[in-house]
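Using the working numbering, you'd call the opening residue of the sequence shown number 46 and step up by one each time. No residue lacks a Cβ here, since even glycine has one placed at the ideal position from N, Cα and C.
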Amino acid sequence: MSDCCSQPGLMPVEVARATLLEDLTPVTRQEPLALIHACGRVLSEAVNSPENLPPCDNSAMDGYALRFADLASGEPLELIGHSFAGKPFDGQVNPGTCVRIMTGAALPAGADTVVMQEQVTTRGERVSIGGDVRPGDHIRRCGEDVRAGEELLARGARISVAHIALLAAAGIGEVSVLRQPVVALFSTGDELRQAGEPLGNGDIYDSNRSALLAALAKLDVQVIDLGILPDDKRVIRDNLTRAAREADAIITSGGVSVGDADYTREVLEEMGQIGFWKVAMKPGKPFAYGRLQGTPFFGLPGNPVSALITFQQLVVPALRLLQGGQWSAPIRLRAELRQPLKKKPGRTDFQRGSYRSDEAGNLLVEPVGSQGSHILSGLAGANCLIVLPREGGNVDAGEMVSIEPLASPFAP
Ligand code: AMP
Ligand code: MG
């Protein structure tokens, strides 16, 4: 850590992220959890399927199960029974016979083909088949999705809704997951008030903590909310000591830049091994990372847009790693810029944007509102970040730019 932090100038955001990820180790304790509560959690061991999926050959259509070879003669077949989903036909489809079958019903013994009912005319128990039929039509094969014993999900997979469907289909009701990391969070600033409190002259409401609490709730971590701390070294020291003892990670906002009341920075310097990074990103820049009694610490800038974008770009990947999962870079898309953008070379810009597609499917993007790091309405109206590379300058309308769609944890 000290190498990069002693570098003069600004640290590229990719370097800051890689340095964090290199420095962190995931939680290890496992716990069993009911599958329906496991969405978002990280598997502590691989899960193999105890079953074939589908568990047996079954019909993909409502129709008739028969022997393909019987169609050669063109003679009607004798209807000998029904196979419903969950109520299979117990007998055997012998030459010259067929069974009425519904979607999802087990294929009866002897049958090798299903003909859909639209191709069939019936008179009493006599069934005539018309149209094209190929051997094996409309049968979902036992194990064609997953074979018994096959790995369904690897260790470290973060369980999604689709994963839950897959595991449930294999009859799995409980999984072994890694415990959730505990994150301690506080805001600092004498000017900060809670909703419901009156604002004195110069006061503002604490928006960072509410937004971060909401984001953390979506990230599947446990949170110790330490509230708003005044710009008071003793109070900050006491809370950091508690946070380091009780949490797996500490996140704060405010007080890490170079102002006279930036006490978080001073206390951290006294108590821990902290690097104060000037990250080459806008918004952002002042960002503290380090360890307090072994516990990783993330000091976000106070400005609300800076706090949330540094959180998204640097802390979310770190939390993913702490959880035992992997962080994968968010998908970036190319979109045509509809308005010129001002930019100075030297920092990666994360401008708040709105993107959409035109009738031809081309992506178009424009900035939302003013780009100041205190302008929350712009962030609230954005559905993407326009990512302008570090060394680039102004961008003209009509140029192609990179966008990063804003999904969870910012999406509603
Ligand atoms: P600081 O990093 O403490 O110097 O704060 C930089 C700017 O962010 C100042 O304008 C602060 O009032 C503002 N700020 C700090 N913390 C918060 C917060 N939790 N919510 C909203 N604004 C904040
Ligand atoms: Mg402050």
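| query | result |
| --- | --- |
| For glutamate 449: DSSP bridge partner residues | Leu430 |
| Every unbroken beta strand (DSSP E) inside the stretch 221-278 [3 residues or more] | 227-233, 267-274 |
| Aspartate 48 - DSSP class collapsed to helix/strand/coil | Caution applies to aspartate 48, whose pLDDT of 42 falls short of 50 and renders its modelled position unreliable; the model cannot decide the point. |
| Residue range of the unbroken beta strand (DSSP E) whose run includes alanine 380 | 378-382 |
| As assigned by DSSP and simplified to three states, the class of aspartate 441 | coil |
| Nearest residue (CA-CA) to arginine 185, options Asn97, Ile209, Val268 | Asn97 |
| Alpha-carbon spacing of glycine 438 relative to lysine 327, whole angstroms | 13 Å |
| Residue(s) in a DSSP beta bridge with tyrosine 109 | Arg145, Val160 |
| DSSP three-state assignment for threonine 355, whether helix, strand or coil | helix |
| Spatial distance of serine 51 from phenylalanine 332 (CA atoms) | At serine 51 the pLDDT is 40, less than 50, meaning the model places this residue with poor confidence and gives no usable figure here. |
| Assigned secondary structure, aspartate 115 (DSSP; H/G/I helix, E/B strand, else coil) | helix |
| Residues of its chain near aspartate 276, where Cβ-Cβ distance is below 6 Å and the 5 sequence neighbours each way are ignored | Asp235, Ala306, Tyr308 |
| Check: proline 331 C-beta below 8 Å from any heavy atom of ligand 1 | yes |
| Whole-Å CB distance - serine 422 paired with valine 350, under 8 Å assumed | So it is not a contact: roughly 10 Å between Cβ atoms. |
| Identity of the residue in Gly176, Glu444, Leu88, Arg224 nearest arginine 383 by Cα | Glu444 |
| Threonine 355 CB to nearest heavy atom of ligand 2 below 8 Å | no |
| Inside the stretch 65-101 only - beta strand (DSSP E) runs reaching at least 3 residues | 75-79 |
| At least 3 beta-carbon pairs within less than 8 Å: the stretch 187-194 vs the stretch 161-179 | no |
| Collapsed DSSP secondary structure at glutamate 59 in the structure displayed | helix |
| Three-state secondary structure assigned by DSSP to valine 178 | coil |
| DSSP three-state assignment for leucine 408, whether helix, strand or coil | strand |
| C-beta contact flag for proline 412 and leucine 451 at 9 Å | no |
| Where serine 453 falls, given that 16 or more other Cβ within 10 Å makes a residue buried | At serine 453, the pLDDT of 49 sits below 50, so the modelled position is not reliable; the number obtained from the coordinates is stated separately. Result: exposed. |
| Residues whose Cβ lies closer than 7 Å to any heavy atom of ligand 2, in chain order | Thr233, Gly234, Asp276, Gly299, Gly300, Gly304, Ala306, Asp307, Gly347 |
| The stretch 85-92 touching the stretch 200-215, judged by at least three CB pairs closer than 8 Å | yes |
| Rounded separation between valine 266 and asparagine 246 - CA only | 36 Å |
| Counted within 10 angstroms of its Cβ, other Cβ atoms place lysine 330 as buried (16 or more) or exposed | buried |
| Three-way DSSP call (helix, strand, coil) for glycine 317 in this model | coil |
| Closer than 8 Å: proline 390 CB and nearest ligand 1 heavy atom | no |
| Distance between beta carbons of leucine 359 and valine 72, contact taken as under 8 Å | Not quite, the Cβ-Cβ distance comes to about 19 Å (not below 8 Å), so this is no contact. |
| Residue of Gly398, Ala442, Pro362 minimising C-alpha distance to glutamate 67 | Pro362 |
| When Pro341, Gln396, Leu152 are compared against glutamine 318, the one with the closest alpha-carbon | Pro341 |
| Nonlocal neighbours in the same chain, by C-beta distance under 6 Å from valine 191, ignoring five residues either side | Ser94, Leu98 |
| Separation of leucine 264 from serine 252, as counted between CA atoms | 19 Å |
| Distance CB(glycine 108)-CB(methionine 161) smaller than 9 Å | yes |
| Proximity below 9 Å, CB of arginine 379 to CB of arginine 224 | no |
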